[in-house]
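A.B. asks:
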Amino acid sequence: MSERKDIANVEEKNIKKTRDLRSAVPAVDIYENEDEIVLYADMPGVVKEDVSVHIDNGTLSLSGVRRIEKTGVAKWEEFGDVEYVRNFSVPQTIEAPRVEAELRDGVLKLHLPKSEAAKPKRIEINAA
Amino acid sequence: MFTMMSDIDRMFGAMDLLRNKMDRIFDDFDRSYDYEPGLIFRSGSPRTNLYEDGDRFEIRAEVPGIAKDDLNVNIQGNYLEISGSRTSDTPDGYKVHRTERGADTFSRSFTLPDDVNAEKVEAKLKDGILYLTIPKSEATKPKQITIG
Numbered sequence: 141m142s143e144r145k146d147i148a149n150v151e152e153k154n155i156k157k158t159r160d161l162r163s164a165v166p167a168v169d170i171y172e173n174e175d176e177i178v179l180y181a182d183m184p185g186v187v188k189e190d191v192s193v194h195i196d197n198g199t200l201s202l203s204g205v206r207r208i209e210k211t212g213v214a215k216w217e218e219f220g221d222v223e224y225v226r227n228f229s230v231p232q233t234i235e236a237p238r239v240e241a242e243l244r245d246g247v248l249k250l251h252l253p254k255s256e257a258a259k260p261k262r263i264e265i266n267a268a
Numbered sequence: 063m064f065t066m067m068s069d070i071d072r073m074f075g076a077m078d079l080l081r082n083k084m085d086r087i088f089d090d091f092d093r094s095y096d097y098e099p100g101l102i103f104r105s106g107s108p109r110t111n112l113y114e115d116g117d118r119f120e121i122r123a124e125v126p127g128i129a130k131d132d133l134n135v136n137i138q139g140n141y142l143e144i145s146g147s148r149t150s151d152t153p154d155g156y157k158v159h160r161t162e163r164g165a166d167t168f169s170r171s172f173t174l175p176d177d178v179n180a181e182k183v184e185a186k187l188k189d190g191i192l193y194l195t196i197p198k199s200e201a202t203k204p205k206q207i208t209i210g
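Protein chains in written order, with my numbering: chain A, 141 to 268; chain B, 63 to 210.
#1: Can you list the residues of chain A that Asn111 (chain B) reaches, using a CB-CB cut of under 9 Å?
#2: Helix or strand or just coil, what does DSSP make of Phe219 (chain A)?
#3: State yes or no: is the C-beta of Tyr224 (chain A) within less than 9 Å of the C-beta of Ser203 (chain A)?
#4: The beta strand (DSSP E) spanning Thr199 (chain A) covers which residue range?
#5: Run through chain B and tell me which residues come within less than 8 Å of Pro184 (chain A), C-beta to C-beta.
#6: For chain A, find out if any of its Cβ atoms is closer than 9 Å to the Cβ of Gly164 (chain B); answer yes or no.
#7: Go through the region 208-266 of chain A residue by residue and report every complete run of the beta strand (DSSP E) that reaches 3 residues or more, in order.
#8: Indicate whether Thr233 (chain A) and Ala258 (chain A) have their beta-carbon atoms separated by less than 9 Å.
#9: With 8 Å as the C-beta to C-beta threshold (strictly closer), list the residues of the region 149-163 of chain B near chain A in chain order.
#10: Using the rule of at least 16 other Cβ atoms within 10 Å of the residue's Cβ for burial, across every protein chain shown, is Pro237 (chain A) buried or exposed?
#11: What three-state label does DSSP hand Glu189 (chain A) in the structure shown?
#12: Please list, in chain order, the chain A residues whose beta carbon lies closer than 8 Å to that of Gly116 (chain B).
#13: For Ser94 (chain B) and Met183 (chain A), what's the separation of their Cα atoms in angstroms?
#14: Alpha carbons only, please: which of A:Ser163, A:Ile177, A:Arg162 is nearest the one belonging to Ser229 (chain A)?
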């Protein structure tokens, strides 16, 4: 009987550990022009090494982990260790290899260039 | 008799597992709704943490995308005010799909619990987080009392 209890406890401990980090949704601004789609995401306190950006099959996933260093005794804490996660559907015409990302002052800036085929083209009308 | 006990035990074990699974489901639900997008500046009030470390206060504030010049920190007595404005970084000529980040002025003020030494405050802006180190004034620092 006690054996079974032990197994149940170990399983619970392991799973609780990986779920320790709360997740948050970063605020984003999305802009578009003929050549690219631009996305800015607020991720304060995240450094370059802890950010991952994936594009796979029309889905863009952002993830940034932030760990803050605490000192002394906390009088109040309104923000803490958090993982910023957000996924988007992007049109298939985005060229994944040419995507550029920049992280500065806690803001992640993504440039998603559109492939040539997707750019609007002007059609010339020939006089008959 | 003993086989019945182990049966009952197994039944309770299964119920325990079910209860744990249900707990975890609600954990997940709470997790993703903890932080709303855009809450940082839409409400005009950046989130802050206040720590007390012996002879000083440490304040951290979430201020992503703010340049040093756009941020003001003022102290008067033990009244601290953090304010600033975020200039819009919308690129020209682009169509706007979505704006959640907000480009506005924000301000937050506190009355610190103890008197502080306003001359020696240090401020650092790194990765969108403002770090303030505010030493307490001499009279309010913790002191060791010797027993005579």
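Even glycine gets a Cβ: it sits at the ideal position worked out from N, Cα and C.
Keep in mind the model is a prediction, meaning the values are calculated, not measured.
C.D. replies: In short, the structure shows the following:
#1: Result: Ile208, Lys210, Ala214, Lys215, Trp216, Glu217, Glu218, Phe219, Gly220.
#2: coil
#3: yes
#4: 199-206
#5: Within 8 Å Cβ-Cβ: Ile102, Glu124, Val125, Pro126, Asp189, Gly190, Ile191.
#6: So, interface residue.
#7: 213-217, 222-229, 240-244, 247-253
#8: yes
#9: Asp151, Thr152, Pro153, Gly155, Tyr156, Lys157, Val158, His159, Arg160, Thr161, Glu162, Arg163
#10: Here Pro237 (chain A) is exposed: its Cβ has fewer than 16 other Cβ atoms, across all protein chains shown, within 10 Å.
#11: Three-state DSSP puts Glu189 (chain A) in a helix.
#12: Gly212
#13: Unreliable placement is indicated for Ser94 (chain B), whose pLDDT of 42 sits below 50; no coordinate value is reported for it.
#14: A:Ile177
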